[in-house]
Amino acid sequence: MSNLFAKICYPKLKRIAKNESVVTYEIHSAENSMTNSDITIPYLKDVDCVVENSRDSLEKVILVADSEPIAAKCAYYLLENEPLIMAHRELNEMEESDPYDIYNDFVYEYEPDDSSLKMIKMTTNDEVKDPSVNVFLKILNGVNAETVLYEGFEPDKELGEKIEAVLADERNRKYIWITPKQLTDSWVNTLRTEFGFALIQINDVPNEYYEKIFASLLQETEYDLGEDVIAWDIVNLLMKQFGNGFAEEKIEWMLEQAIHKKVQRGEKDFVLKLEDFSINNHSERSALERLNEMPGLSEMKNVVLEQTALQKEFKRNSKLKNNHSHMIFYGNPGTGKTTCARLMAEIMADYGVKNATFVEATRNDIIGQHVGSTAKKVSDLFERARGGILFVDEAGFFLNTGAGGYVTEAIKEFVRFMENCPDVMVIFAMYEKETEAFMKLDEGLTSRISRMVDFRDYTQSELQEIFKFMVKSNGYRLEKGAINMFSDYIYSKKHDRGFGNARDVRKVFEAIVVQHSVRLLKSNAKTEIVTTEDVRAGIDRLKKNTKCKKEYGFQYSFGGAGNLAVQI
């Protein structure tokens, strides 16, 4: 993270998973105290109100909040009930100690070290069939922190065991985070009345607060928002994506991602547009509608349904947090692998489980030229893809380990980040014959890749439907008999070596549009009807160009609202 937002003052948290039961929080903050900020932090005001009116010690507290990060920030604030004073570790020092840290951020740690707060998720691994107080106590005793924040008190058969373990824990300060819907649970009242736990209820954070954060962050840049961008739409998208993991730093992250995209594209203007934030234009057809109207792709349509449902379940059930959803798309060129990966990112954003970020990478984006550069490239790719999909095209290059470079290093880094970045879905695209050898490159791939999706060659009837779809989407109509001429030609091409499936259909369509346009120019006519003669002339034009260098990949623009460009 750059110095771009250094002047904005609000408490920021970085989660660092230590094991399956304990999460350590480090504070990220601006160089000056957050009390110097012009923005009032509403949830800290709620804490202050309780502290000012409390006559008792606040060493045992139940924090009621929708957001996990907000609960952790309030817990930190409670430790001394004063502005958070941080120890600053410079960026270059952090890079020297951990050059692979995907956050690339300034790190601030709470002082003194022995008061550092850690969150303890009251869960056990799958191997523990009958968790007991002793099992949970063993987890607690392994945590070196004076203050802990307990989380994971779902109403299940282990609830009593968990609460007993917390009460038996000998730590001086104990904070328990619950959600508002748990306030009426009987065990919460028991902790308050019999064991002296104080209650601090964090009110809903007003939307205006997050809008002010967004405006303040934007003000520290050279950029303005385009007319199609509404700040609240961006905040609302992030809230849907991160659920109870949402906090202010997500806004900061999204804004940096938007600026990074403009810089990467080499755009010179300083206006952030809707597409820079990976937010769909909801005036168009939804991504799911666009996928379902595409011919063929029946397996992929089922995969999208399953993955959308599964990602929502991951958000609902924290016990599934270690499950992987990375995939391999395999098939010949032109079968829709890139298109479907891009649409999947949009569909998941529409359902509030991801943010529509789609990062496409090739060999040059991954493999470095010197020691350490490959790891840095992989780290940057995962950071750019946070909350979305990282699509590795033509991933068969990973098999070329004997051709020099740092391919082996790259695959090991991918395996590591696929484990440590659960909010990034990685999709590798390759040929079917490459999949078996690819999975053998590293044993970690087998456990992390959950699905292999077969993109089969289109049938003759599907290719015909694709052609009709392209014609209709661009506002044309076919003359009776014209489709038969197309079908005869594409059938003859289908058996050629290197046939490009939908890519070859696209080349036919583009050649036909050229000949249709020439005919209209000569006749000074205006019509959307594509004639049999247009199709014949377009095919003849293609046949004359068969000696030209083969074109790999294409972009096709569907007509209609937004002129959506889709890579197939």
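In our numbering, the protein residues as written are 994 to 1561. C-beta: ideal position from N, C-alpha, C; glycine also. Only a predicted model underlies this, so the values are computations on that prediction, with no experimental measurement involved.
When you compare each of the options to residue i by their alpha carbons, which one comes out closest?
i, options, result
"F1307", "G1238, L1210, V1408, I1360", "G1238"
"S1179", "N1196, R1164, I1156, D1162", "I1156"
"V1222", "F1270, R1283, P1326", "F1270"
"V1228", "Y1202, Y1216, T1520, E1213", "Y1202"
"A1240", "K1066, D1527, S1485", "K1066"
"Y1003", "A1354, T1328, K1205, S1366", "K1205"
"A1158", "K1515, I1113, L1176, A1058", "I1113"
"T1394", "Y1469, L1071, G1365, A1430", "A1430"
"R1379", "C1042, L1231, R1166", "L1231"
"E1299", "M1341, E1282, V1128, L1535", "M1341"
"V1503", "D1481, V1528, I1522", "Here residue 1503 turns out to be Glu, not Val, going by the sequence shown. Out of D1481, V1528, I1522, V1528 has the C-alpha closest to the C-alpha of E1503."
"P1288", "D1450, D1149, D1162, E1151", "D1450"
"N1357", "W1225, Y1399, Q1453, P1124", "Y1399"
"F1146", "K1312, T1355, Y1484", "K1312"
"T1439", "F1462, E1455, K1461, E1412", "E1412"
"Q1257", "L1176, D1373, I1483", "D1373"
Assuming residue i contacts residue j under a Cβ cut-off of 8 Å, what Cβ separation, rounded to an integer in Å, is found between them?
i, j, result
"F1391", "I1404", "5 Å"
"I1169", "L1037", "Not quite, the Cβ-Cβ distance comes to about 19 Å (not below 8 Å), so this is no contact."
"L1248", "L1211", "7 Å"
"Y1143", "M1115", "6 Å"
"S1443", "H1319", "6 Å"
"M1423", "E1387", "7 Å"
"I1252", "Y1216", "6 Å"
"P1035", "P1199", "7 Å"
"F1492", "G1329", "Going by Cβ atoms, the distance from F1492 to G1329 rounds to 15 Å, so no, they are not a contact pair."
"P1173", "D1059", "7 Å"
"L1535", "K1487", "At roughly 14 Å, the Cβ-Cβ gap does not stay under 8 Å, so L1535 and K1487 are not in contact."
"L1303", "K1294", "Wrong, their Cβ atoms sit about 15 Å apart, outside the cutoff."
I need the DSSP call for residue i, collapsed to helix, strand or coil.
i, result
"H1319", "strand"
"E1088", "Confidence is the limiting factor: at E1088 the pLDDT is only 35, short of 50, which leaves the residue's position unreliable, though a coordinate-based value still follows. Reduced to three states, the DSSP call for E1088 is helix."
"E1245", "helix"
"Y1143", "strand"
"G1324", "strand"
"Y1036", "helix"
"Q1194", "strand"
"R1164", "coil"
"I1422", "Residue 1422 is actually Ala in this sequence, not Ile. If DSSP states are grouped into helix, strand and coil, A1422 belongs with the strands."
"D1107", "Any reading at D1107 must be qualified, since the residue scores a pLDDT of 41, below 50, and its modelled position is unreliable; the value itself is stated next. Helix, per DSSP."
"I1522", "strand"
"N1274", "Confidence in N1274 is poor, its pLDDT being 48 and thus under 50, which makes the residue's placement unreliable; the coordinate value appears in the next sentence. Three-state DSSP puts N1274 in coil, outside helix and strand."
"Y1003", "coil"
"D1041", "helix"
"I1169", "strand"
"V1417", "coil"
Considering only their Cβ atoms, is the gap separating residue j from residue i smaller than 7 Å?
i, j, result
"K1323", "E1406", "In the sequence on display, residue 1323 carries Tyr and not Lys. Not a contact, by the Cβ cut-off of 7 Å."
"F1351", "R1335", "yes"
"F1410", "F1384", "no"
"K1053", "G1153", "no"
"T1140", "L1184", "no"
"E1472", "T1401", "no"
"G1437", "V1408", "yes"
"M1445", "I1321", "yes"
"R1496", "G1327", "yes"
"A1280", "E1339", "yes"
"A1224", "F1235", "no"
"V1043", "I1193", "yes"
"A1191", "L1051", "yes"
"S1480", "Q1457", "yes"
"R1470", "I1505", "no"
"F1460", "V1498", "yes"
"E1151", "P1124", "yes"
"E1427", "G1474", "no"
If I follow the unbroken beta strand (DSSP E) through residue i, where does it start and stop?
i, result
"Q1175", "Here Q1175 belongs to no beta strand (DSSP E), and DSSP marks it neither H nor E."
"F1407", "Not the beta strand (DSSP E): F1407 falls in the alpha helix (DSSP H), residues 1400-1413."
"K1114", "1110-1114"
"V1054", "1053-1057"
"L1130", "Premise fails: L1130 lies in the alpha helix (DSSP H), 1126-1134, not in any beta strand (DSSP E)."
Following the continuous alpha helix (DSSP H) through residue i, name the residue where it begins and the one where it ends.
i, result
"I1476", "1475-1487"
"V1446", "Looking at the DSSP string, V1446 is not in any alpha helix (DSSP H); the run it does join, the beta strand (DSSP E), is 1442-1448."
"V1506", "1495-1516"
"E1353", "From DSSP, E1353 is part of no alpha helix (DSSP H) but of the beta strand (DSSP E) over 1351-1354."
"I1206", "1200-1212"
"V1528", "1525-1537"
"L1385", "Sequence inspection shows Val at residue 1385; the Leu mentioned does not correspond to that position. Unbroken run through V1385 is the beta strand (DSSP E), 1382-1385; no alpha helix (DSSP H)."
"D1373", "1366-1377"
"Q981", "Summary: the structure shown does not reach residue 981, with the chain confined to residues 994 through 1561, and so no result is reported for it."
"F1391", "Neither: F1391 is in no alpha helix (DSSP H) and is coded neither H nor E."
"L1336", "1330-1343"
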